[in-house]
Amino acid sequence: MSRSCACKTIAASMLVATLVITLAGVAAAQKLEALGSNGAWKAFAFRKGDVKVCYMASAPIKSEGKYTQRGEIFALVTNDPTTGARGEVSIVTGYDYKADSEAMLTVGGTVFAMFTKGDKAWTRGPEEDAALVRAMVKGRDMVITGTSERGTSTKDTYSLSGFTATKKIIDGACKS
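Residue numbers 86 to 261, in our numbering, belong to the letters of the sequence shown in order.
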């Protein structure tokens, strides 16, 4: 492995570790369990009461835009039996989106319009999540574009390498 590649791998691992710490705080100091990783995706679980909640996360392989400051950026897919969510796709973009704007996520030529609130974007519901996950299983990469509250346009590219295998991990660990 080249030094450049090794540095990118370390940086991506550190970014996912930051996500884990952030989500661990959200999970109110509950123990976070690493379930495994494949390619660009890592799987985790935590307990919400007596129920196990699973999610998978990835950081972008490329981020573009004329921004001076940006927080952490992640794509997440969550299985939460307490809410019935299975394969719920969300994006944490590292900035607050422009009010009433949509983020556009493209996989293999198919475009998904996502609603935004704060620094997050979601599909409009379980049917769109299912269609998006099917596209992610078949795709090589996905691109999400959005506009910050300051009017800055961004474009983040995620690898879908390992997506299918990691999705099988969370599906097996957290059944709705």
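Here a beta-carbon is modelled for each residue, glycine too, at the ideal position from N, C-alpha and C.
On a predicted model such as this, the values are computed, not experimentally measured, just so you know.
{"Check": "To the nearest whole angstrom, what separates the beta carbons of residue 236 and residue 183, a pair I think is in contact under 8 Å?", "Outcome": "7 Å"}
{"Check": "So, residue 206 versus residue 179, is the Cβ gap smaller than 8 Å?", "Outcome": "no"}
{"Check": "What alpha helix (DSSP H) runs, 4 residues minimum, are completely inside the region 169-210?", "Outcome": "none"}
{"Check": "Mind checking who residue 222 pairs with in its DSSP beta bridge?", "Outcome": "None; residue 222 has no bridge partner."}
{"Check": "By the three-class DSSP mapping on this structure, what secondary structure does residue 215 have?", "Outcome": "helix"}
{"Check": "Strictly by DSSP, which residues pair up with residue 148?", "Outcome": "241"}
{"Check": "Only counting the same chain, and skipping five residues up and downstream in sequence, which positions put a Cβ closer than 7 Å to that of residue 123?", "Outcome": "247, 250 and 251"}
{"Check": "By alpha-carbon positions, which one of 216, 176 and 260 ends up nearest to residue 202?", "Outcome": "176"}
{"Check": "Determine the DSSP secondary structure at residue 137, reduced to helix, strand or coil.", "Outcome": "strand"}
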